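Read the structure below first, then the notes.
Residue numbers (this note's numbering), protein chains in the order written: chain E, 54 to 401; chain U, 54 to 401.
Here's what the structure looks like:
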């Protein structure tokens, strides 16, 4: 069991600290503290705005020196820097963690293990730098074949209206619900947070475009050989101006049998772009159309993230979405994952 | 002006030697000889099966030693190795070329400049290794923005039913036809052959998936600032099991105004996969649908590659495609590019 300190300096909020929230929610026993000097002295759940939510009881401290009394063995970079470059203040924190004997886990596109200063410091200290987004050599240049999934396996994939609407969370929740019901189930992570939570998976968005579908195929074929139910994390959105290629490569590489559509209630535009999100029934048709170019797969349920709504509005939003799409709709984090798994089982 | 020897060992045929054929067709003045021991003594056009086609008068020789009398200054790798690894026989040829003072141009995914033996040999000999597929540092980690194209520019993009049906060729032919008519026109290459022909462009299929659309956007915005007509090379196909992500990233990143659908007459399946190519009218709808997720763009003409048909069958195939789609159809290599440019001009 790792003892993880999460670096989330200045960013411990639900929008920016996706990785931190994922670890706090799904590996709470491993998270010993969070570093964010702007919230030091609080606990992580309070800083995130939901005192009984993920991070309850996990202290927030101001820097690496202050985290050492909690005896972490790993510093996990829980946020992405603005502009993609490593800020000097972070570099100092990471060097301090290395000097204190902590391993480093990072999901940044800029590989810390390739940074001469950090790499030589890690070597001197005898610690490991785990760049979660570095593709495995065996998959990095693999071209998609036409490999079949093990008969009897069910591949479920998650389609989003945008980034950061809850696709990974829904996949993890469904995997847990399936295991609770005694089913053979696995969560196939395709992003850095999912990989950090589960300890395996592929960093799809980091793959060379030519080899994305091939890497996803290998991941899913492997999971299908081990589990009856495979929940393949989705990425981005088919209508995302920057990331639609990642989304389609996952959809075609995973070759799913069933789809779940994920949306955040109230989000009207792709975050950061002048692109309106169409009605859910329209988005549903986009994904079913694109899947059918290679292998048909129906959307069988909608996962609606209602975190921005009060409880009455949340129930209304779920009912509205059900009426519009004619599909089962649930918020698995808030109201339970059962209806989504029921919808999947009804299609087998 | 470069003097190029093209390495195409064992592969000097139209299917396998796409890069070689591209150079022979569009930079014939630069190609001094082709290396393929299985065709040595022939000329390149005869080896390619069309004695009056590309490569007429260009000698085929057996190895690097035999090419030196033609005084090349560059060895261009004109084919991709099976399995992706550099065969030992090629390594020996490349080392011989370096020792003879030739620069090396390669479109392989495995960068020759990162190969310690080749890199140190090149340094000793004072020659350059140009890995055409290595993304420019300034674009490699660029996220797509929402940049507008210069008003008055027309972005044309090429949609294929499969790889290797002639998308690059049609784009180059249209650029040439537009220039012949006195229009301001540029060919924006997105693959290694196009880059080798034009000397600029981006290796789209080598981009990290997250940054593909951003790199394409930067390329197209730059070309649109310089030319009224921008012909953006397409890649792959939306129904290609391995490469559909590249195709969608290009379609969304380029944000074209007009599309041209490219097909090889007689091809019924995606090469190497058990995927049937639907009717052209169906493929047309796929591309127009996917474009419209972000920005609508009509397919205004079909480019039909009829190289496998005799002349009567070719004319029949063109007429059939025109009847099925209701669009202008032309084979620009065989019968001229005029109708395609006319169709584009009719939409401005």
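All C-beta atoms, glycine included, are put in the ideal place defined by N, C-alpha and C. Note that the structure is predicted; figures quoted are calculated from it, not measured.
- [ ] Using the Cα positions of residue 40 of chain E and residue 394 of chain U, report the straight-line distance between them to the nearest angstrom.
- [x] Since the first residue of chain E shown is 54 and the last is 401, residue 40 of chain E is not available in this structure.
- [ ] From the DSSP output, in three-state form, read off residue 147 of chain E for me.
- [x] Helix at residue 147 of chain E.
TODO: Compare the C-beta of residue 350 of chain U with all C-beta atoms of chain E and state if any pair is closer than 7 angstroms.
DONE: By this cut-off, residue 350 of chain U is not an interface position.
Open item on the list: Please return the same chain residues whose Cβ sits closer than 8 angstroms to the Cβ of residue 259 of chain E, not counting the five positions on each side in sequence.
Closed with: 162, 186, 187, 188
- [ ] Mind the definition here: the stretch 323-337 of chain E touches the stretch 244-256 of chain E only if three or more C-beta pairs lie below 8 angstroms; say whether that holds.
- [x] no
- [ ] Return the chain-ordered ranges of every beta strand (DSSP E) run that is complete within the stretch 59-115 of chain E and spans a minimum of 3 residues.
- [x] 84-88
Open item on the list: Could you tell me the alpha carbon to alpha carbon distance between residue 110 of chain U and residue 96 of chain U, rounded to whole angstroms?
Closed with: 6 angstroms
- [ ] Figure out for me which residue from E/91, E/336, E/265 has the closest Cα to the Cα of residue 377 of chain E.
- [x] E/336
Open item on the list: By the 9 angstroms beta-carbon criterion, what residues does the stretch 167-194 of chain U contribute toward chain E?
Closed with: 194
Task: Within 7 angstroms, strictly: CB atoms of residue 397 of chain U and residue 344 of chain U - done: no
Open item on the list: Between residue 265 of chain E and chain U, is any beta-carbon pair separated by less than 7 angstroms?
Closed with: yes
Open item on the list: To be precise: take each residue of the stretch 326-360 of chain U, compare its Cβ to all Cβ atoms of chain E, and keep it if any distance is under 7 angstroms. Which residues remain?
Closed with: Cβ contacts with chain E come from 326, 327, 328, 339, 342, 346, 347.
Open item on the list: Just list the residues that DSSP pairs residue 157 of chain E with in beta bridges.
Closed with: E/128, E/182
TODO: Note down, in chain order, every chain U residue with its Cβ under 7 angstroms from the Cβ of residue 213 of chain E.
DONE: Those do not exist, as residue 213 of chain E stays about 13 angstroms from chain U at its closest Cβ, beyond 7 angstroms.
TODO: Rank U/150, U/130, U/151, U/200 by C-alpha distance to the C-alpha of residue 278 of chain U and give the top, closest one.
DONE: U/200
- [ ] Identify, in the order they occur along the chain, each residue of the same chain with its Cβ nearer than 7 angstroms to the Cβ of residue 154 of chain U, setting aside the five sequence neighbours on each side.
- [x] 178, 180
Task: Bridge partners - residue 317 of chain E, DSSP secondary structure assignment - done: Within the DSSP bridge table, the entry for residue 317 of chain E names E/358 as partners.
Task: 8 angstroms CB neighbourhood of residue 346 of chain E in its chain, flanking five on each side removed - done: 305
Task: alpha helix (DSSP H) segment containing residue 388 of chain E, residue limits - done: 385-388
Task: Whole-angstrom distance between residue 317 of chain U and residue 90 of chain U, CA atom to CA atom - done: 29 angstroms
Open item on the list: Would residue 161 of chain E pass as an interface residue toward chain U - the criterion being a Cβ-Cβ separation below 7 angstroms?
Closed with: no
- [ ] Given a cut-off of 7 angstroms, decide if residue 192 of chain U and residue 271 of chain U are closer than it, judged by their beta-carbon atoms.
- [x] A Cβ-Cβ contact shorter than 7 angstroms links residue 271 of chain U with residue 192 of chain U.
Task: Partners in chain U for residue 69 of chain E, counting only beta-carbon separations shorter than 9 angstroms - done: Neighbours of residue 69 of chain E on chain U: none; closest Cβ ~16 angstroms, over 9 angstroms.
TODO: Give the residues of chain U in contact with residue 299 of chain E, contact being defined as C-beta atoms less than 9 angstroms apart.
DONE: Simply 262, 263, 265, 298, 302.
- [ ] Decide yes or no for the touch test of the stretch 57-72 of chain U against the stretch 367-386 of chain E: beta carbon pairs closer than 8 angstroms, at least 3 of them.
- [x] no
Task: Length-filtered (4 minimum) alpha helix (DSSP H) runs lying within the stretch 251-289 of chain E - done: 265-279
Open item on the list: Can you confirm whether the stretch 80-88 of chain U touches the stretch 111-119 of chain U when touching is taken to mean that 3 or more C-beta pairs between the two stretches lie within less than 8 angstroms?
Closed with: At 8 angstroms Cβ cutoff, the stretches touch.
- [ ] From the DSSP output, read off the bridge partner residues of residue 207 of chain E.
- [x] E/282
Task: Residue span of the alpha helix (DSSP H) that contains residue 334 of chain E, given as start and end - done: In this chain, the alpha helix (DSSP H) harbouring residue 334 of chain E covers 333-345.
Task: For residue 472 of chain U, three-class secondary structure by DSSP - done: The structure shown does not extend to residue 472 of chain U, since chain U spans only 54 to 401, so no value can be given for it.
Task: Under 8 angstroms (Cβ pairs) to chain E, residues found in the stretch 234-261 of chain U - done: 257, 258, 259, 260, 261
Task: Anticipated Cβ contact below 8 angstroms, residue 240 of chain E with residue 225 of chain E, distance rounded - done: 6 angstroms
Task: Cβ pair residue 350 of chain U, residue 282 of chain U closer than 7 angstroms - done: no
- [ ] Identify which residue in U/76, U/62, U/78, U/315 has its Cα closest to the Cα of residue 92 of chain U.
- [x] U/62
Task: Straight-line Cα distance separating residue 160 of chain E from residue 130 of chain E - done: Cα to Cα, the separation comes out at about 7 angstroms.
- [ ] Could you work out which residue in U/308, U/385, U/307, U/313 is closest to residue 353 of chain U when comparing CA atoms only?
- [x] U/313
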